[in-house]
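Letter by letter, the sequence shown follows residues 746 to 1033 in my numbering. For every residue, glycine included, the Cβ atom is placed at its ideal position computed from N, Cα and C. Worksheet for the structure shown next.
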Amino acid sequence: MKVRIKFRKYGAMKFVGHLDVLRYFQKLFRRADIDNEFTKGFSPHQIMTFAAPLGVGLTSDAEYLDIQLLSSDSPEVMLARMNTASTEGVMMIDFHPLLEREENMRLVTAMSLVSTADYLVSLKDGFNLGEIRTQSEFMKLFTCFMNEKEIIINKKTKNSEKTVDIRPMITLTAYERVEYENLLKAVESDDDLTNTIEQNISELKEQNPVDIMNKPLSVADIYENGIRLYLQMDTGSVANLKPELVIEAFCNYYKLPFEEFAWQVHRLELYSRNTETGKLISLDQLDR
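Here you go:
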């Protein structure tokens, strides 16, 4: 049976690279006594694939791992066993059995499904962004930056460097958690974005007027300076854009100093796009 596991990666584990994360899960499954299926041949290994490997230094609420099992308990029991065997910085939050592949059906992997990702990008305390000192100043400048019809950058690949317009690859921007969440809801329901955001923010403020715009977001690091940005952008094999390139382009546009390690990137979700409707579906909502 095929299973999709959703997990969070945070804390000191953000400094562990992808290959070591792969080895970590191999050992975790043994400690948790998970009945993994192995490849056949002279050097058998556990069958597993990651959706979109996370870069070193990044944290995440939504990493996905597909594994093949010979047997399984209930999702609740399996999550408990894995989290008991896990260490601080890796937390399994969903265990989702997938439908078996039908005869003559194309093999689908988690990596091949990914088309879009959501990120939270935050300026770390102790770093400066030129003359920008507040979130409102940053928001004003970044909004003007996003109003450009084209955002041209030189994107480096393994073998070359090419000029790319990244503006079409950025599909959503927000500056507060409530704004981000309600933009997602508006897109899913095809409602008017402005009316939906204003209505939902008003309702949330009535329920809880205290600091509603700055609610902590899961395991993402929170910084006192408050300068942050929510981005939804193309990710995957067809088109792939990293949040760091967007921030670098923004800094270059305003001739601001760019320090790669001044920004903390946190992945919020990974999506697949429905080829018929064009709508985004998070990987934990898919049956295959």
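- Fewer than three Cβ pairs drawn from the region 962 to 979 and the region 891 to 905 lie within less than 8 Å of each other, which leaves the two stretches out of contact.
- Across the structure, Ile897 and Leu1031 are spaced so that their CA atoms are roughly 34 Å apart.
- For Pro842, the enclosing beta strand (DSSP E) starts and ends at 835 to 842.
- Taking 8 Å as the upper bound for CB-CB distance, Ile1026 and Phe883 are not in contact here, some 31 Å apart.
- With at least 16 other beta carbons inside 10 angstroms of its own, Met836 counts as buried.
- Residue state for Phe872 is assigned as coil, using DSSP reduced to three classes.
- At a Cβ-Cβ threshold of 7 Å, Met978 and Met914 count as neighbours.
- Each of Glu847, Val932, Val909 was checked against the Cα of Leu917, and the nearest Cα belongs to Val932.
- Rounded to whole angstroms, the Cβ separation of Phe840 and Pro820 is 4 Å, and the two are in contact under 8 Å.
- Contact check for Leu767 against Ala830 fails: the beta carbons are separated by 7 Å or more.
- A straight line joining the alpha-carbon of Lys759 with that of Ser857 spans about 24 Å.
- Counting C-beta atoms within 10 angstroms of its own C-beta, Thr784 has fewer than 16 neighbours from the protein chains shown and is therefore classed as exposed.
- With a cutoff of 7 Å on beta-carbon distance, Tyr809 and Leu1028 are scored as near each other.
- Closest by C-alpha distance to Ala1007, out of Arg1033, Thr888, Gly871, is Gly871.
- Taking C-beta atoms under 8 Å as the contact rule, Leu799 and Lys754 qualify, at a distance of about 6 Å.
- A distance below 6 Å between beta-carbons, with the five flanking residues on each side excluded, links Ser963 to the following residues of its chain, in chain order: Asp806.
- Residue pairing from DSSP leaves Ile779 without any beta-bridge partner.
- Taking C-beta separations shorter than 8 Å and ignoring five residues to either side along the sequence, Met850 has no partners in its chain.
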